[in-house]
Amino acid sequence: MGKTKCFFREDWLSKIDTNGHEIKDWASKFSDHVAFCKVCGSKINVEKGFQALSQHALMKKHITSAKNKLSASQLHLSSGSLTSSNPSTGAQVISLHSTRENACRVELLWTMKVVASNYSASSCSDVPEIFNCMFPGAVPKDFTLSRTKFRYLLTYALEPYFKDQLISDMNNTYYTLMFDETTNVTGAKELQIAVRYWSSRSNCIVCHHLKTFFIGKATGEDLFFKLKEALTSFDLSLHKLIMVGSDGPNINKKVLRLMNEELWIIRKKKLIDIGFCNIHLLHNAFLKGLKVFGENVSDLIVLMHNFFDGWPSRLEDFERIQTEMNMPNLRFIKHCSSRWLTIEPAANRLLLLWDAVNHYFLKYVPLKVHSLSKSPSFIRIASLLKKDALMLKAEIEFVLMSSKIFTRFTGSFQKTEPLIHIMYDEIKTLLLTLLSRICKPLSLTSQTPLKIDILNEDNLLPLSEIDLGSAFKTTTSSMKDVDRLSLIKQCQSHIIASCKYIIEKAPLSGNRSIIKNFRFLKPSEKLSTRSTNDLLIIAKELPFQNDFDVDRLTDEWKLFQLQDESSSEQNSLRIDVYWNLIITQKSENGNLKYPLLSKVVKAALSVSHGNADVERGFSCSANYLTDDRASMSEKTLNAALVVKDAIKMYDNRAALVPITPKLISLAHSAYNRYKNNLDKEKELKEQKIKEKEQEQEKILLEQKSKEQIQKDKESILSIEKELSKKRKLEDSKSNLAKKLLLEANQRLKKGVEAKNFSEIELGQAMLAGVSKIEKERDQEKKEAEELQKKLTKLQKKLVKSCTPAL
Numbered sequence: 005m006g007k008t009k010c011f012f013r014e015d016w017l018s019k020i021d022t023n024g025h026e027i028k029d030w031a032s033k034f035s036d037h038v039a040f041c042k043v044c045g046s047k048i049n050v051e052k053g054f055q056a057l058s059q060h061a062l063m064k065k066h067i068t069s070a071k072n073k074l075s076a077s078q079l080h081l082s083s084g085s086l087t088s089s090n091p092s093t094g095a096q097v098i099s100l101h102s103t104r105e106n107a108c109r110v111e112l113l114w115t116m117k118v119v120a121s122n123y124s125a126s127s128c129s130d131v132p133e134i135f136n137c138m139f140p141g142a143v144p145k146d147f148t149l150s151r152t153k154f155r156y157l158l159t160y161a162l163e164p165y166f167k168d169q170l171i172s173d174m175n176n177t178y179y180t181l182m183f184d185e186t187t188n189v190t191g192a193k194e195l196q197i198a199v200r201y202w203s204s205r206s207n208c209i210v211c212h213h214l215k216t217f218f219i220g221k222a223t224g225e226d227l228f229f230k231l232k233e234a235l236t237s238f239d240l241s242l243h244k245l246i247m248v249g250s251d252g253p254n255i256n257k258k259v260l261r262l263m264n265e266e267l268w269i270i271r272k273k274k275l276i277d278i279g280f281c282n283i284h285l286l287h288n289a290f291l292k293g294l295k296v297f298g299e300n301v302s303d304l305i306v307l308m309h310n311f312f313d314g315w316p317s318r319l320e321d322f323e324r325i326q327t328e329m330n331m332p333n334l335r336f337i338k339h340c341s342s343r344w345l346t347i348e349p350a351a352n353r354l355l356l357l358w359d360a361v362n363h364y365f366l367k368y369v370p371l372k373v374h375s376l377s378k379s380p381s382f383i384r385i386a387s388l389l390k391k392d393a394l395m396l397k398a399e400i401e402f403v404l405m406s407s408k409i410f411t412r413f414t415g416s417f418q419k420t421e422p423l424i425h426i427m428y429d430e431i432k433t434l435l436l437t438l439l440s441r442i443c444k445p446l447s448l449t450s451q452t453p454l455k456i457d458i459l460n461e462d463n464l465l466p467l468s469e470i471d472l473g474s475a476f477k478t479t480t481s482s483m484k485d486v487d488r489l490s491l492i493k494q495c496q497s498h499i500i501a502s503c504k505y506i507i508e509k510a511p512l513s514g515n516r517s518i519i520k521n522f523r524f525l526k527p528s529e530k531l532s533t534r535s536t537n538d539l540l541i542i543a544k545e546l547p548f549q550n551d552f553d554v555d556r557l558t559d560e561w562k563l564f565q566l567q568d569e570s571s572s573e574q575n576s577l578r579i580d581v582y583w584n585l586i587i588t589q590k591s592e593n594g595n596l597k598y599p600l601l602s603k604v605v606k607a608a609l610s611v612s613h614g615n616a617d618v619e620r621g622f623s624c625s626a627n628y629l630t631d632d633r634a635s636m637s638e639k640t641l642n643a644a645l646v647v648k649d650a651i652k653m654y655d656n657r658a659a660l661v662p663i664t665p666k667l668i669s670l671a672h673s674a675y676n677r678y679k680n681n682l683d684k685e686k687e688l689k690e691q692k693i694k695e696k697e698q699e700q701e702k703i704l705l706e707q708k709s710k711e712q713i714q715k716d717k718e719s720i721l722s723i724e725k726e727l728s729k730k731r732k733l734e735d736s737k738s739n740l741a742k743k744l745l746l747e748a749n750q751r752l753k754k755g756v757e758a759k760n761f762s763e764i765e766l767g768q769a770m771l772a773g774v775s776k777i778e779k780e781r782d783q784e785k786k787e788a789e790e791l792q793k794k795l796t797k798l799q800k801k802l803v804k805s806c807t808p809a810l
């Protein structure tokens with residue numbers, strides 16, 4: 005009997021050959037007993053089984069062909085596109101790509117997804133394995149991703165790619181710079197800088213994250229230099245800077261002063277001054293009023309939330325009371341006293357639960373939970389309720405009414421879209437709304453100067469005529485007249501305090517009233533007689549060159565006024581979208597119809613109406629820089645924020661971001677740049693360590709030098725003291741020798757004359773004594789000279805050690 009022939013089996017294709025390639029990459033079924041090699045173009049008889057394929061893989065011709073055709077960089081034809089991931093287009097494009105590029109595309113897409121969704125870098129660790137389990141055979145085999153790879157793709161591929169796009173979009177455009185600082189989870193001050201400008205890519209006003217710095221201190225000079233560093237890193241010219249937006253601390257005033265000083269030197273024109281963030285201004289105005297009347301409400305709301313937060317047993321009892329009283333089971337809303345916007349929903353929730361609150365704190369706890377009634381928080385809440393629950397409820401209703409007036413403004417002005425054109429009217433409307441609550445109608449007209457005088461006693465309504473809302477009126481209707489009027493007087497004081505602050509700080513008059521001239525941007529102002537003047541005032545304040553043609557701008561505006569438009573469409577469009585329709589119009593010769601007007605409009609709309617965009621940046625940063633990522637570097641955080649900001653242009657969907665050849669090229673070289681940067685950081689670290697060691701060695705040498713100098717000084721003093729003694733002793737012996745010599749000579753002379761031998765012997769003895777004293781003197785002199793030499797040597801050494809090298 006003949007041997008049984010083997011049939012081609014599909015499971016052979018999943019095996020790996022001796023060259024490390026999957027069989028399916030180069031072989032396919034030709035017939036039941038024959039396979040076809042796609043790299044050699046030859047047929048393989050497989051009647052003897054898989055061994056035939058293994059032997060074919062060892063052939064020199066196959067190895068050479070497979071090395072070229074099966075490499076990761078080999079291009080292949082496929083449907084789809086590397087440069088567009090949008091599945092909604094429905095277009096299938098035939099393109100050339102390599103398996104390496106395909107894997108790179110997947111890695112980039114997932115890296116962007118991680119950033120967009122605030123995932124951690126560690127979440128990338130087993131993604132290839134997970135994807136292969138979920139989509140067998142569909143994941144590129146070269147696809148790898150790890151914590152480290154995620155970081156260098158983010159920092160050295162995606163961030164420079166989107167940064168270049170941003171720089172290109174901002175090229176030669178007028179812009180507003182905005183900044184703010186706060187303390188983050190690392191305990192360091194975090195400075196966020198954003199830029200607002202007319203985007204040539206989007207044809208509208210956009211706001212983008214520019215730079216984040218971790219700073220130890222935040223003096224005016226520090227912030228100023230960081231702003232300039234951010235501008236330099238994005239090639240933004242100071243000549244194009246319109247304004248710097250921030251909130252209002254004094255430190256930021258210094259930043260503006262320093263910036264204006266520099267701008268005056270380089271362009272002879274300062275920043276547009278419309279004051280600090282108007283949202284913060286009104287925030288502070290409300291807090292001024294709350295400080296006068298309403299603090300009890302803020303305190304009670306905070307106490308109430310904290311009392312139940314994290315206490316399940318208390319919540320359970322309170323929810324049971326709500327059920328028994330046929331009330332919805334609701335919890336208290338957290339309110340932060342420094343963020344007054346939260347007081348409105350929190351106060352509203354407290355009023356909804358008012359009856360349950362009184363029952364729980366004044367009846368249930370004192371009767372059934374005696375231990376709880378001794379807690380400090382309970383005592384404080386109960387004391388506020390016991391004092392006068394009706395009066396307190398009326399106070400809550402007034403604070404709620406007041407906060408609603410403010411949040412109608414601040415809520416709408418936290419949008420990114422340009423609103424500078426309605427800022428003046430909205431602040432004025434808010435102020436008039438507040439004033440209308442407490443002032444006589446005849447004292448308020450559209451032409452009334454908004455000054456402090458308007459709050460004079462003569463202009464105020466009688467307390468009995470002040471209307472503070474229907475809820476407040478209902479609650480206070482059962483009060484005694486004297487109590488009700490006293491309460492209304494306090495409410496009046498709250499409104500007066502808020503109004504005074506707005507009148508004093510808001511840009512409604514004086515130099516900052518230029519804000520009202522931005523109204524020329526409103527479609528409704530197109531045909532007004534004041535619009536031309538408003539336009540020219542703004543154009544004069546913007547940082548254009550001195551050769552800006554004002555007459556031509558006026559002609560363009562007059563021409564625009566003659567243009568017919570549909571008013572119904574104007575009111576429904578964003579202001580920048582509306583103006584984009586105007587300024588992109590062309591004349592019969594194909595040129596822009598309003599080139600100068602376009603320049604003014606784009607710059608004017610770039611002026612910031614508030615600092616909300618930067619504060620949203622802190623929210624993005626906080627979502628990414630969490631407690632468990634507190635060690636994240638400034639470079640990584642900046643890269644994440646730049647990429648996250650860019651993905652917003654694609655509806656926060658990473659799959660819609662085009663993966664261009666440039667981006668793939670950056671991704672391929674990202675590891676090398678990451679490695680080079682690590683080497684540089686290592687060198688820098690080693691250099692710092694070396695410098696530190698050298699510094700420590702220098703300090704040690706200086707210390708030794710100081711110690712030696714001190715020793716030399718002490719030696720000099722000791723030698724000088726000893727030398728002084730030697731000199732004195734030498735002088736003493738010299739004087740003694742002279743005296744003895746004189747006396748000896750006298751005795752010898754006298755003895756010779758008198759032939760008195762005893763005198764002669766005494767004289768000779770004295771001469772011998774003189775000789776001895778002179779020898780001792782000479783010895784002292786010699787020792788003194790030795791000491792002098794030693795002293796001179798030490799003094800020269802000391803002078804040399806104390807003299808710096810030239």
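For the sequence shown, the working numbering begins at 5 and goes up steadily by one. Backbone N, C-alpha and C define an ideal beta-carbon position, used for all residues, glycine too. Predicted model, so just to flag it, every value in this text is computed and none were measured.
| Query | Result |
| --- | --- |
| On the DSSP letters alone, give me the boundaries of the beta strand (DSSP E) that Phe-218 sits inside. | 208 to 219 |
| Assign Ser-814 to one of three DSSP states: helix, strand, or coil. | In the structure as shown, the chain starts at 5 and stops at 810, and residue 814 therefore has no counterpart that could be examined. |
| Name the one or two DSSP bridge partners that Arg-200 has. | Thr-180 and Cys-211 |
| Mind checking Asn-615: buried by the 16 CB within 10 Å criterion, or exposed? | buried |
| Would you give the residue range spanned by the alpha helix (DSSP H) that Met-174 belongs to? | 163 to 174 |
| Compare the C-alpha of Lys-717 against each of Lys-801, Asn-122 and Ala-748 and name the closest. | Lys-801 |
| What does the alpha-carbon distance come out to for the pair Leu-682 and Leu-688? | 10 angstroms |
| For Ala-95, which residues of its own chain have a beta-carbon under 7 angstroms away from its beta-carbon, when the five flanking residues on both sides are left out? | Residue placement at Ala-95 is flagged as unreliable, the pLDDT there being 45, under the threshold of 50; a coordinate-derived value is accordingly withheld. |
| Just to confirm, are Lys-526 and His-425 a CB contact at a threshold of 7 angstroms? | yes |
| Short of 6 angstroms in beta carbon distance, which residues of its chain neighbour Lys-338, apart from the five on each side in sequence? Order them along the chain. | His-309 |
| To which residues of the same chain is Val-118 closer than 7 angstroms at the C-beta, ignoring the five residues directly before and after it? | Ser-127, Cys-128 and Phe-154 |
| What does a CB cutoff of less than 7 angstroms around Lys-597 pick up in its chain, not counting 5 residues either side in sequence? | Gln-589, Lys-590 and Ser-591 |
| Does the contact criterion of 3 or more C-beta pairs under 8 angstroms hold for the segment 389 to 404 versus the segment 345 to 356? | yes |
| Counting C-beta neighbours from all protein chains within 10 Å, is the total for Leu-563 16 or more, i.e. buried, or is it exposed? | exposed |
| Who are the near neighbours of Leu-227 in its chain, counting only those whose CB is closer than 6 angstroms to its CB and skipping five residues on each side? | Val-259 |
| Closest to Gly-45 by C-alpha separation, out of Asp-36, Ser-69, Lys-52 and Asn-23, would be which residue? | Ser-69 |
| Going by DSSP, which residues form a beta bridge with Glu-194? | Thr-186 and Phe-218 |
| Hey, how far is the Cα of Gly-755 from the Cα of Ile-764? | 5 angstroms |
| CA-CA distance, Glu-233 and Glu-545? | 26 angstroms |
| Restricting to Cα atoms, I'd like to know which of Ile-519, Gly-220, Leu-376 and Phe-229 is closest to Ile-2. | This structure cannot speak to residue 2, because the chain is shown only from 5 to 810. |
| Please state whether the Cβ-Cβ distance between Leu-704 and Ala-161 is less than 7 angstroms. | no |
| Keeping to the same chain, check which residues put their C-beta closer than 6 angstroms to that of Glu-105; ignore five residues upstream and five downstream. | Ile-668 |
| Helix, strand or coil: which one does DSSP assign to Gly-84? | In this predicted model, Gly-84 has a pLDDT of only 46, less than 50, meaning its place in the structure is not dependable enough to derive any value. |
| With distances taken between CB atoms, is the gap from Phe-297 to Gln-494 smaller than 7 angstroms? | yes |
| Suppose you measure from the CA of Ile-720 to the CA of Leu-798; what does that come to, to the nearest Å? | 7 angstroms |
| Could you spell out where the beta strand (DSSP E) holding Lys-33 opens and where it closes? | 31 to 35 |
| Within a Cβ cutoff of 8 angstroms, which residues of the same chain sit near Lys-193, ignoring the five residues on either side of it in sequence? | Glu-185, Thr-186, Thr-187, Phe-218, Ile-219, Gly-220, Lys-221 and Ala-222 |
| Confirm, please, whether the CB-CB distance from Lys-273 to Pro-547 is below 7 angstroms. | yes |
| Is it buried or exposed for Arg-335, if we count other Cβ within 10 angstroms and need 16 for buried? | exposed |
| Thinking Gly-249 and Met-182 are a contact (beta carbons under 8 angstroms), I'd like their distance in whole angstroms, please. | 4 angstroms |
| According to DSSP, is Lys-338 helix, strand or coil? | coil |
| How would you label Leu-86, buried or exposed, when you count the other beta carbons within 10 angstroms and need 16 or more for buried? | Summary for Leu-86: the model assigns pLDDT 42, below 50, so the residue's position carries little reliability; its value from the coordinates is reported in the next sentence. Buried, by the Cβ-count rule. |
| Which residues in the same chain have their Cβ closer than 8 angstroms to the Cβ of Cys-137, if we skip the five residues on either side of it in sequence? | none |
| Could you tell me which of Cys-10, Glu-26 and Val-43 sits nearest to Ser-35, measuring between CA atoms? | Cys-10 |
| Among residues of its own chain, excluding the 5 on either side of Leu-319, which ones have a beta-carbon nearer than 6 angstroms to its beta-carbon? | Phe-312 |
| Do you know whose CA, among Asn-288, Ala-475, Val-373 and Glu-787, lies nearest Thr-414's CA? | Asn-288 |
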